[in-house]
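Engineer:
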Amino acid sequence: MHTPLGEGPLIYQQIAAMLEHDILRGVYQEEEQVPSTNELARLYRINPATAGKGLNLLAADGVLYKRRGLGMFVAPGAAERILEKRKAAFLDRYIRPMVREGRSLGLERETLMAMVASAMEEGEPL
1 MHTPLGEGPL IYQQIAAMLE HDILRGVYQE EEQVPSTNEL ARLYRINPAT AGKGLNLLAA
61 DGVLYKRRGL GMFVAPGAAE RILEKRKAAF LDRYIRPMVR EGRSLGLERE TLMAMVASAM
121 EEGEPL
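In terms of full-length UniProt numbering, the sequence shown is numbered consecutively and its last residue is 126.
#1: May I ask which residues mark the beginning and end of the alpha helix (DSSP H) holding Val99?
#2: According to DSSP, is Val34 part of a helix, a strand, or is it coil?
#3: Would you mind reading off the limits of the alpha helix (DSSP H) that contains Gly52?
#4: Is the distance from the Cβ of Gly54 to the Cβ of Tyr12 below 9 angstroms?
#5: Where do the ends of the alpha helix (DSSP H) carrying Tyr12 lie?
#6: According to DSSP, is Leu64 part of a helix, a strand, or is it coil?
#7: Would you mind giving the Cβ-Cβ distance between Ala75 and Leu64, rounded to the nearest angstrom? I have them listed as a contact below 8 angstroms.
#8: Using DSSP with H/G/I as helix, E/B as strand and the rest coil, what is Val74?
#9: Tell me the residue span of the alpha helix (DSSP H) that contains Arg109.
#10: To the nearest angstrom, how far is the alpha carbon of Met1 from that of Ile23?
#11: So what does DSSP say about Tyr28, is it helix, strand or coil?
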């Protein structure tokens, strides 16, 4: 989890995304404690409030939960929640625009599906 923070989304969003990625990779298991606000702040040389905002974002999504006086922990079902959120974002960000563009080009459903299948076969392995 030592990826440098860069341009793009706000830093707290990057913190949340990195923790989500680590949860999906199994770095943090259900019921396991994640780094504290202060640990994240030190690690990434950011303001603790910014780190806390990233943790709170995940808590609001039900990915993390707080144990009073102990810190933040991975919630049961966190990986499934993250995957569902990412699938919904994928649908909104890529699939719906692709379908709209296909319609504007007059592509039939079967043609568009064949194009997707072809792209999946020729693309990089998943």
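Quick reminder that beta carbons are idealized off the backbone N, C-alpha and C, glycines included.
Structural biologist: Straight from the coordinates:
#1: The residue given as residue 99 occupies position 99 in the sequence shown. Unbroken alpha helix (DSSP H) run through Val99: 96-104.
#2: For the purposes of this step, residue 34 is identified with residue 34 of the sequence shown, where counting begins at 1. Val34 carries a coil assignment under DSSP once its states are collapsed to helix, strand and coil.
#3: Looking up residue 52 in the sequence shown gives position 52. Where Gly52 is concerned, the enclosing alpha helix (DSSP H) stretches over 48-60.
#4: For the purposes of this step, residue 54 is taken as the residue at position 54 of the sequence shown. For the purposes of this step, residue 12 is taken as the residue at position 12 of the sequence shown. Taking 9 angstroms as the Cβ cut-off, Gly54 and Tyr12 qualify as a contacting pair.
#5: Counting from 1 along the sequence shown, the entry for residue 12 is found at position 12. Note, Tyr12: alpha helix (DSSP H), 11-24.
#6: Against the sequence shown, residue 64 aligns to sequence position 64. In the three-state DSSP reduction, Leu64 falls in the strand class (E or B).
#7: Your numbering for residue 75 matches position 75 in the sequence shown. Your numbering for residue 64 matches position 64 in the sequence shown. About 6 angstroms; that satisfies the 8 angstroms criterion.
#8: The residue given as residue 74 occupies position 74 in the sequence shown. Looking at Val74 - three-state DSSP - the assignment turns out to be strand.
#9: For the purposes of this step, residue 109 is taken as residue 109 along the sequence shown, with counting starting at 1. Start and end: 109-122.
#10: Within the sequence shown, residue 1 is the residue found at index 1, counting from 1. Within the sequence shown, residue 23 is the residue found at index 23, counting from 1. Because Met1 sits at a pLDDT of 44, beneath the cut-off of 50, its placement in the model cannot be relied upon, and the following sentence gives the value as read from the coordinates. Spanning the two alpha carbons is a distance of roughly 11 angstroms.
#11: Position 28 of the sequence shown, counted from the start, is the residue given in the question as residue 28. Residue state, collapsed to three classes: coil.
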